[in-house]
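If you read the sequence shown in the working numbering, its first letter stands for residue 3, the second for the next number, and so on. We put the CB at the ideal spot given by N, CA and C, even for glycine. One structure is given below, encoded as structure tokens.
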Amino acid sequence: MTALNKQALRQLATDAHELGIIKRYTKGIEANKRFVAIATPLTVLALLDELEAAESKCRELAADNQRAMDSLKQADAAVKLAHEKFSALADENMALKSGHYNGMVLPETPATDAFLAEVRAGALPAEVMAAIQKVARIRLDLNDFDGDNRGIIDCLGEAEESLIEIVNKFAAQLRKGAAL
3 MTALNKQALR QLATDAHELG IIKRYTKGIE ANKRFVAIAT PLTVLALLDE
53 LEAAESKCRE LAADNQRAMD SLKQADAAVK LAHEKFSALA DENMALKSGH
103 YNGMVLPETP ATDAFLAEVR AGALPAEVMA AIQKVARIRL DLNDFDGDNR
153 GIIDCLGEAE ESLIEIVNKF AAQLRKGAAL
């Protein structure tokens, strides 16, 4: 099938409409004949195929647009949350400075406390570090030992269990917000 010449089809349809309404006018009859000759079922099907493809593309673009809008809404919510946290910290900082300068009792600082709890979560207490080092030393001893290592393996298992208990206890303290 040859490519559609939409401009020619439009012109023929316009001529057929404008000139074809005069029944005994030769140009009108010829215009109708030319339009009917080009406006075949294949032409109509080709136009419908193009329309369906365009509508499908529009639906795809609308879905892409919706996903982009959803992403923007999520980003906006994240920015608003960060702004709220920053504002709360700034307010607490101002209150702390004001209380310090005026010799007043310092106010509660929940946003600062929450921030510090997050910082503390990244730090390991000495008890956890000692348990990790103990497991590491036993593993090194196990690697260097050539004889019967069943006792060392038992000791390693106990040290690992102890480490797990200490880490779980530490995690529970963090969840409760306990000071370390």
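Residue range of the unbroken alpha helix (DSSP H) whose run includes residue i
| i | result |
| --- | --- |
| residue 174 | 152–178 |
Spatial distance of residue i from residue j (CA atoms)
| i | j | result |
| --- | --- | --- |
| residue 14 | residue 55 | 25 Å |
| residue 70 | residue 137 | 49 Å |
| residue 59 | residue 33 | 35 Å |
| residue 127 | residue 148 | 34 Å |
| residue 97 | residue 172 | 32 Å |
| residue 87 | residue 170 | 29 Å |
| residue 174 | residue 68 | 41 Å |
| residue 46 | residue 17 | 18 Å |
| residue 182 | residue 61 | Note that residue 182 scores 46 on pLDDT, short of 50, meaning its location in the model is unreliable and no value can be drawn from it. |
| residue 145 | residue 158 | 12 Å |
| residue 12 | residue 85 | 57 Å |
| residue 163 | residue 179 | 24 Å |
| residue 57 | residue 41 | 22 Å |
| residue 110 | residue 74 | 35 Å |
| residue 112 | residue 90 | 9 Å |
| residue 165 | residue 66 | 49 Å |
Exposure label - residue i; buried when at least 16 CB within 10 Å
| i | result |
| --- | --- |
| residue 161 | buried |
| residue 37 | buried |
| residue 94 | buried |
| residue 133 | buried |
Short CB-CB distance (under 7 Å) between residue i and chain B
| i | result |
| --- | --- |
| residue 7 | Absent here is chain B; the protein component of the structure consists of one chain. |
Residue i beta carbon near the ligand NAP (any heavy atom closer than 6 Å)
| i | result |
| --- | --- |
| residue 114 | For the ligand NAP, the structure offers nothing, since it holds no ligand at all. |
Inset, instruction - Would you check if there are 3 or more beta carbon pairs closer than 8 Å linking the segment 108–120 to the segment 150–158? - result: By the Cβ test, the segment 108–120 is not in contact with the segment 150–158, since fewer than three Cβ pairs between them sit closer than 8 Å.
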